[in-house]
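Trainee: Structure provided below as structure tokens; questions to follow.
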Amino acid sequence: MKGRTIVLDHFGDIEAAALIVDGKLDDLLIDSDGPRPGTIYRAIADRPVKGQGGMFLKTPDGSAFLRQIKGLAPGQPILVQVSGYAEPGKAVPVTQKLLFKSRYAIVTPGAPGTNISRSIRDEEERDRLLEIAHEASDGAAYGLILRSSCAGADADDIADDIDAMLALADKVLNDPSTDMEVLSEGDGPHILAWRDWVA
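Adding 1153 to a residue's 1-based position in the sequence shown gives its number in the numbering used here.
This is the structure we're talking about:
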């Protein structure tokens, strides 16, 4: 069996996705009961970890661990994004570098500029994508990366994706509350498969 097949299903109530390439399992995503990577919290700084240069944070889903905590004081609210899965009995790893990812675009607060995936080499296509990006993100305060999936994609679909991610970034970054909360849920296996596997 040649080609790529994406299978979306469930194990009981748990969402799962499989990528099959030329008849062999290439990748498998299974949802976990812990926080999904990509989830964004307004966390509360809890206590520093001596010797590790990090700090434990309180989130609505339990303890999180952040490295590089310059200028962070216990009790202070901070925006963080889940960067991976927690090992059993350990805190969830998080980062202050927030990324808002969709099928075609990644919005990068704190990293200005517009970039096109290096895998898109055709100059005409790069120019077309830059034009779409500049129109869609006109006046945006954040950086933007157009992913390799943009190659040959419909201009309106790309612009819609950029608009959605910019709106989400605005909503999260300009939320005036200081309470601990989940600001954006990470994507599950079905959305990740659509986002990252569709060639």
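For each residue, glycine too, the CB sits at the ideal point set by N, CA and C.
G1237: which of G1156, I1167, D1340 and K1177 sits nearest, CA to CA?
Mentor: Position 84 of the sequence shown, counting from 1, holds the residue named residue 1237. The option with the nearest alpha carbon to G1237 is D1340.
Trainee: In the DSSP assignment, find the unbroken beta strand (DSSP E) run with D1179 in it and report its ends.
Mentor: Within the sequence shown, numbered from 1, the residue matching residue 1179 stands at position 26. Segment K1177 to I1183, the beta strand (DSSP E) holding D1179.
Trainee: With H, G and I counted as helix, E and B as strand and the rest as coil, what does DSSP make of V1325?
Mentor: Looking up residue 1325 in the sequence shown gives position 172. Helix.
Trainee: From G1263 to A1171, what does the alpha carbon distance come to, in whole angstroms?
Mentor: Position 110 of the sequence shown, counting from 1, holds the residue named residue 1263. Position 18 of the sequence shown, counting from 1, holds the residue named residue 1171. If you take the alpha carbons of G1263 and A1171, they lie about 34 Å apart.
Trainee: Applying the criterion that 16 or more other CB atoms from any shown protein chain within 10 Å of the CB defines a buried residue, is D1291 buried or exposed?
Mentor: Numbered from its first residue, the sequence shown carries residue 1291 at position 138. Burial call: exposed.
Trainee: Using the DSSP secondary-structure output, state which residues sit across from S1255 in a beta bridge.
Mentor: The residue given as residue 1255 occupies position 102 in the sequence shown. Answer by DSSP bridge pairing: none, since S1255 is not bridged.
Trainee: Determine the burial state of M1191: buried for a count of at least 16 other Cβ atoms within 10 Å of its Cβ, exposed for fewer.
Mentor: Position 38 of the sequence shown, counted from the first residue, corresponds to residue 1191. Note that residue 1191 is Gly in the sequence shown here, rather than Met. When all chains shown are included, G1191 counts as buried.
Trainee: Touching or not, the stretch 1268 to 1278 and the stretch 1246 to 1257, by the rule of three or more beta carbon pairs under 8 Å?
Mentor: In short, these stretches do not touch, since the Cβ pair count stays below three.
Trainee: What is the DSSP secondary structure of V1306, counted as helix, strand or coil?
Mentor: One-based indexing of the sequence shown puts residue 1306 at position 153. With the sequence shown as reference, residue 1306 is identified as Ala, and Val is not the correct amino acid for it. Of the three classes helix, strand and coil, the one that applies to A1306 here is coil, per DSSP.
Trainee: Should F1218 be labelled buried (16 or more other beta-carbon atoms within 10 Å of its own) or exposed?
Mentor: As a working mapping, residue 1218 is identified with position 65 in the sequence shown. It is buried - the Cβ of F1218 has at least 16 other Cβ atoms within 10 Å.
Trainee: Could you please give the first and the last residue of the uninterrupted beta strand (DSSP E) stretch that includes D1162?
Mentor: Position 9 of the sequence shown, counted from the start, is the residue given in the question as residue 1162. From DSSP, the beta strand (DSSP E) with D1162 extends over R1157 to F1164.
Trainee: Would you tell me roughly how many angstroms separate the C-alpha atoms of K1155 and K1211, rounded to the nearest one?
Mentor: Counting from one through the sequence shown, the residue named residue 1155 turns up at place 2. Counting from one through the sequence shown, the residue named residue 1211 turns up at place 58. Roughly 48 Å separates the two Cα atoms.
Trainee: Helix, strand or coil: which one does DSSP assign to R1279?
Mentor: Counting from 1 along the sequence shown, the entry for residue 1279 is found at position 126. Correct three-state label for R1279: helix.
Trainee: Mind checking which residues open and close the beta strand (DSSP E) that includes A1217?
Mentor: Position 64 of the sequence shown, counted from the start, is the residue given in the question as residue 1217. From DSSP, the beta strand (DSSP E) with A1217 extends over G1215 to R1220.
Trainee: As a quick exercise: from A1286, A1226 and V1235, pick the residue whose alpha carbon is nearest that of A1317.
Mentor: In the sequence shown, counting from the first residue as 1, residue 1317 sits at position 164. Of the candidates A1286, A1226 and V1235, the one whose C-alpha sits nearest the C-alpha of A1317 is A1286.
Trainee: In chain order, what residues of the same chain lie with their CB nearer than 6 Å to the CB of N1268, ignoring the 5 residues before and after it?
Mentor: Residue mapping note: residue 1268 aligns to position 115 of the sequence shown, counting from 1. Answer for N1268: I1298, listed in chain order.
Trainee: Closest to L1181 by CA distance: which of K1223, D1313, F1164 and D1280 is it?
Mentor: Your numbering for residue 1181 matches position 28 in the sequence shown. Of K1223, D1313, F1164 and D1280, the residue nearest in Cα terms is F1164.
Trainee: Identify the residues that DSSP records as bridge partners of T1212: which are they?
Mentor: The count along the sequence shown starts at 1 and reaches residue 1212 at position 59. For T1212, which the question treats as bridged, DSSP gives the partners G1215.
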